[in-house]
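Numbering (UniProt numbering), first residue to last: 1 to 267.
Glycine residues also receive a C-beta, built at the ideal position from the N, C-alpha and C atoms.
Some notes on the structure that comes next.
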Ligand code: 5RP
């Protein structure tokens, strides 16, 4: 492993251990576990706390990868739809830990690099607290605006709608949206845990509310650029789009926090 890659790994590990130390409490009963390589260290950090700490907890995965991680670590596995119902409502998860592909100044996220975005969003919104673990010094992830480093928004679509969704995305200003192909060893499209496809849609860097000038016309666009929440709203209106990898507005009643440690700099 190159020294830059090993710095990234140690930053991810340090951020994951810090996030678990700060946000996983012995009183927690239902814990969401996201997807990706950083979450592997989240699970390591939970296991390092010992069975007396995590034994009473139940872990809810965001897809087949995290299901495998939970099982392999010997943690108690359940599922979103298996939570107990109290007063007609499924109990909230106490906390959910996940990774992120890009994070902006307002803590909006791009997720879905690993094609798990739909279940990741379901778990995130079912949790009282959502912790996106991304080492802030990881040069690949922190940007003032989304779509600066991670250039595309992953979008989960019903396969038969893909041609129409591609047309709509182009009309919305995405220059070259494309259906993601499978792993190098597999031919064909990348199929999600939900049997859907992923379209990766490039957009110019996304604006924050503070970027919109007072003369802005309310369209959510400014010089061909979209504001994050307006773009999210418009994308979710397109028939055939099941969910999008833009996670915005989580910085209000649900906390998003980032690991503050790790010093991985661009080589
Ligand atoms: C998967 C995700 C991941 O959380 C995201 O891609 C970050 O992954 P990593 O921790 O490997 O950088 O959204 O769909």
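- With respect to the C-alpha of residue 162, the residue from 85, 241, 182 having the closest C-alpha is 241.
- For residue 125 and residue 6, the gap between their C-alpha atoms comes out near 33 Å.
- Counting C-beta atoms within 10 angstroms of its own C-beta, residue 127 has 16 or more neighbours from the protein chains shown and is therefore classed as buried.
- With contacts defined by Cβ atoms closer than 8 Å, residue 212 and residue 226 do not form a contacting pair.
- In this chain, the alpha helix (DSSP H) harbouring residue 15 covers 3 to 23.
- Any heavy atom of the ligand 5RP counts here; residues with a Cβ closer than 5 Å to one of them, in chain order, are 35, 36, 37, 38, 99, 101, 111, 112, 113, 114, 116.
- Residue 94 is positioned such that its CB atom lies closer than 8 Å to that of residue 30.
- Counted as a single uninterrupted DSSP element, the beta strand (DSSP E) harbouring residue 154 occupies residues 152 to 157.
- Taking 8 Å as the cut-off, the beta carbon of residue 43 is found closer than this to the beta carbon of residue 73.
- DSSP places residue 124 inside the alpha helix (DSSP H), whose first and last residues are 117 to 126.
- In summary, residue 210 is exposed, with fewer than 16 beta-carbon neighbours lying within 10 Å of its beta-carbon over all protein chains present.
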